[in-house]
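So the sequence shown is numbered by the numbering used here: it starts at 4 and just counts up by one.
See structure below.
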Amino acid sequence: MVFASGLAWAQQAAVPAKAAACAACHGADGQPIMPVYPIIAGQNSRYIYLQLRDFQEGRRTNEVMLHIGMTRDDMHELANYFSAQKPPRQKFVPNADKVKLGKLKAEETLCTMCHLHGFAGQNEIPRVAGQNYDYIVKQLTDFKARRRTNDAGNMTSVANTLTAQDIENLAHFVSGL
Numbered sequence: 004m005v006f007a008s009g010l011a012w013a014q015q016a017a018v019p020a021k022a023a024a025c026a027a028c029h030g031a032d033g034q035p036i037m038p039v040y041p042i043i044a045g046q047n048s049r050y051i052y053l054q055l056r057d058f059q060e061g062r063r064t065n066e067v068m069l070h071i072g073m074t075r076d077d078m079h080e081l082a083n084y085f086s087a088q089k090p091p092r093q094k095f096v097p098n099a100d101k102v103k104l105g106k107l108k109a110e111e112t113l114c115t116m117c118h119l120h121g122f123a124g125q126n127e128i129p130r131v132a133g134q135n136y137d138y139i140v141k142q143l144t145d146f147k148a149r150r151r152t153n154d155a156g157n158m159t160s161v162a163n164t165l166t167a168q169d170i171e172n173l174a175h176f177v178s179g180l
């Protein structure tokens, strides 16, 4: 029994070591220093895993992420590790007028049907509440321009209806949650 618990402890200790490669962009605890990178602390484990898999298999592109060398077990372990981390309090101060407009656009486009109330996400749908503003703008812009297509087409079709101002307003709204 001591061996089994020692083995479990060693496996748990190995996860933060594996996460060290992620820390350069995402921070050691999933809270990046640069706002262009997503906050992965507290993100849905299944979503993190699927994104890692999509990067590895070329369904999602990013120059750094294309070169990740992980097994599926590594991806699951890292996804579970980062999802268990506490998301930070957002430092972004949204513009109140843009928040109101973003909330209206979110209601109009039915964002909560997938992202749920409070934009907490579920399973393969990401939590976007409190996500970095710059990251939200980039992802919505990439979905609109079809530079990001690793969804079932839902985000691409919604983003296609958005103006640049809508994207900015939505980013103010969800980043401030």
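A virtual CB, placed ideally from N, CA and C, is assigned to each residue, including glycine.
The structure presented is a predicted model; accordingly, all values stated were derived computationally and were not measured.
Check whether residue i and residue j have beta carbons under 8 Å apart
{"i": "glycine 45", "j": "proline 90", "result": "yes"}
{"i": "phenylalanine 122", "j": "leucine 81", "result": "no"}
{"i": "arginine 1", "j": "asparagine 65", "result": "Because the chain in this structure spans residues 4 to 180, residue 1 falls outside the shown range and cannot be described."}
Residues of its chain near residue i, where Cβ-Cβ distance is below 8 Å and the 5 sequence neighbours each way are ignored
{"i": "asparagine 98", "result": "His175"}
{"i": "lysine 106", "result": "Phe176"}
{"i": "threonine 112", "result": "Val161, Thr164 and Leu165"}
{"i": "phenylalanine 58", "result": "Thr64, Asn65, Met68, Leu69 and Ile71"}
{"i": "arginine 75", "result": "Arg56"}
7 Å CB neighbourhood of residue i in its chain, flanking five on each side removed
{"i": "alanine 7", "result": "At alanine 7, the pLDDT of 43 sits below 50, so the modelled position is not reliable and the matter cannot be decided from this model."}
{"i": "glutamine 88", "result": "Asp32, Gly33, Ala44 and Gly45"}
{"i": "arginine 151", "result": "Arg63, Gln142 and Asp145"}
{"i": "arginine 149", "result": "Thr159"}
{"i": "tyrosine 138", "result": "Pro38, Val39, Tyr40 and Pro41"}
Candidates the options, of which the one nearest residue i by Cα
{"i": "histidine 70", "options": "Cys114, Glu60, Gln125 and Ala26", "result": "Glu60"}
{"i": "valine 102", "options": "Cys28, Ala27 and Ile170", "result": "Ile170"}
{"i": "asparagine 157", "options": "Arg150, Phe146 and Ala26", "result": "Phe146"}
{"i": "alanine 22", "options": "Pro38, Asn83 and Lys108", "result": "Asn83"}
{"i": "valine 108", "options": "Ala27, Cys25, Cys28 and Gln168", "result": "Strictly speaking, residue 108 in this sequence is lysine, with valine absent from that position. Closest by alpha carbon: Gln168."}
Cβ distance (whole Å) where residue i is taken to contact residue j below 8 Å
{"i": "arginine 63", "j": "asparagine 126", "result": "That belief does not hold up - the Cβ atoms of arginine 63 and asparagine 126 are roughly 17 Å apart, past 8 Å."}
{"i": "cysteine 117", "j": "isoleucine 128", "result": "5 Å"}
{"i": "glutamine 93", "j": "serine 178", "result": "6 Å"}
{"i": "tyrosine 52", "j": "methionine 73", "result": "Not quite, the Cβ-Cβ distance comes to about 10 Å (not below 8 Å), so this is no contact."}
Close beta carbons around residue i, own chain, < 6 Å, minus the five adjacent residues each side
{"i": "leucine 143", "result": "Ala162 and Ile170"}
{"i": "leucine 104", "result": "Asn172"}
{"i": "leucine 119", "result": "Gln125"}
{"i": "glutamine 14", "result": "Low confidence applies to glutamine 14: its pLDDT is 40, below 50, so where it sits in the model is not reliable enough to give any reading."}
task = Mind the definition here: the region 35–42 touches the region 125–142 only if three or more C-beta pairs lie below 8 Å; say whether that holds.
result = Flag = yes, the region 35–42 and the region 125–142 touch.
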